[in-house]
Amino acid sequence: MKLDTLKYGFDHTTMPADPLADYWAPEVHDALAHGDWALTEARSRLDLAAWQGFTTDLPRDPYVNRRWKRMSWLALDEAGGVQDLGHCPMAQGGAFNDADSMADRLRYYEPLSPAFLERADVLAFVRAWARLWGFQPNEPILMQITGARGEGRIDPLQGQGIHADGCKALSILVLSRRNVLGADSHLYEDKAGSRPLVDTTLMPGDILHLRDDRLFHSVDPLAQLDPGLPFERFVIIINGRFVDDFQNRILRRHFPQAVLDRH
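Numbering (this note's numbering), first residue to last: 26 to 288.
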């Protein structure tokens, strides 16, 4: 399904020739080119409070306890607009997912809502993300809203630990972090974690870009900062160019015309 482009909500008489040219600062491009990761912010580019509103109606994840999730497959079209490719399950082989509840199986989720996908700042974000990574038309892009809320202590990765997602381009944008203790993010050069690169606490609006085929990442368990109040942490995960052959086989089955990575 073709989504509306950025024609609405902007005065074209005052727009620059390329409104996405400076979406990411030059140092983001440099960091990815030379260090395979970059930490920056996107809150100045989008309505974070409005995006947070889309976490309230997320269905429960049927495969992971105490997690909520929606996801959609997107791609650029030949004109540079964003299109919704339609339904395709998520698939991660055991080489990329250590959790018994998720590895080597097809996972089916409800799509992102049209109200979210049709937002001008969402379309701009997807286009700018695709431009950052050099995506071409018809390359599948997986975009998710996912996270956890509740009480006690929870492992947001459900046993994955230090891992890679099986792709070349991966970004994690934190939408909300309320009453959270823990949930710090870590990057490593190796799956064993013996060569750490960065330890950081991503706050709402922060986004971490990484070359997932070269680095590994993890997130610490989270708990309530104030024991009398529930916690909440939701993120946007957007990734593509899969090196997981399992996922690529499923993508080819559902999207025969898709441009897939040959790694």
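Note that beta-carbon positions come from the ideal geometry of N, C-alpha and C, so glycine has one too.
Check your understanding: Per DSSP, what kind of secondary structure is arginine 287 in: helix, strand or coil?
Key -> coil
Exercise for review: Assess, as a yes-or-no matter, whether the stretch 164–184 is touched by the stretch 257–265 under the definition of 3 or more beta carbon pairs within less than 8 Å.
Suggested key: yes
Exercise for review: State the Cα-Cα distance for the pair glycine 106 and methionine 26, rounded to the nearest angstrom.
Suggested key: 11 Å
Check your understanding: Exposed or buried, which one is leucine 131 when buried takes at least 16 other CB atoms within 10 Å?
Key -> exposed
**Study point:** Length-filtered (3 minimum) beta strand (DSSP E) runs lying within the stretch 143–193
**Key:** 166–175
**Study point:** Backbone CA spacing between leucine 247 and leucine 157 [nearest angstrom]
**Key:** 31 Å
**Study point:** For alanine 248, the residue or residues it bridges with in DSSP
**Key:** Arg178 and Leu206
Check your understanding: Based on Cα-Cα distance, which residue from Arg95, Ala104 and Glu143 lies nearest to tyrosine 133?
Key -> Arg95
Review point. Do you know how far the Cα of aspartate 55 is from the Cα of phenylalanine 280?
Key: 33 Å
Review point. Based on Cα-Cα distance, which residue from Leu227, Ser201, Leu250 and Leu99 lies nearest to aspartate 72?
Key: Ser201
Check your understanding: Considering only the beta carbon of each residue, do isoleucine 275 and alanine 116 sit closer than 7 Å?
Key -> yes
Exercise for review: Measure the CB-CB distance between glycine 191 and valine 268 and report whether it falls below 7 Å.
Suggested key: yes
**Study point:** Residues bridged to serine 196 (per DSSP)
**Key:** His234 and Ile263
Review point. Between alanine 173 and alanine 50, what straight-line distance do the alpha-carbon atoms span, to the nearest angstrom?
Key: 30 Å
Practice item. Specify, as a first and last residue, the run of the alpha helix (DSSP H) that alanine 56 falls within. Key: 51–60
Practice item. Would you give the residue range spanned by the alpha helix (DSSP H) that leucine 110 belongs to? Key: Not the alpha helix (DSSP H): leucine 110 falls in the beta strand (DSSP E), residues 107–111.
Point to revise | Nonlocal neighbours in the same chain, by C-beta distance under 6 Å from histidine 211, ignoring five residues either side | key: Asp224 and Ser243
Review point. If you run the structure through DSSP and keep just helix, strand and coil, what is glutamine 117?
Key: strand
Check your understanding: What is the rounded straight-line gap between the Cα of arginine 91 and the Cα of aspartate 238?
Key -> 28 Å
Review point. Helix, strand or coil: which one does DSSP assign to arginine 92?
Key: coil
Practice item. Kindly indicate which residue of Ala100, Glu176 and Ile179 has the alpha-carbon position closest to the one of leucine 285. Key: Ala100
Exercise for review: Sort Ile197, Arg277, Met228 and Tyr48 by Cα distance to tryptophan 62 and report the nearest one.
Suggested key: Ile197
Point to revise | Distance between beta carbons of leucine 57 and arginine 236, contact taken as under 8 Å | key: 7 Å
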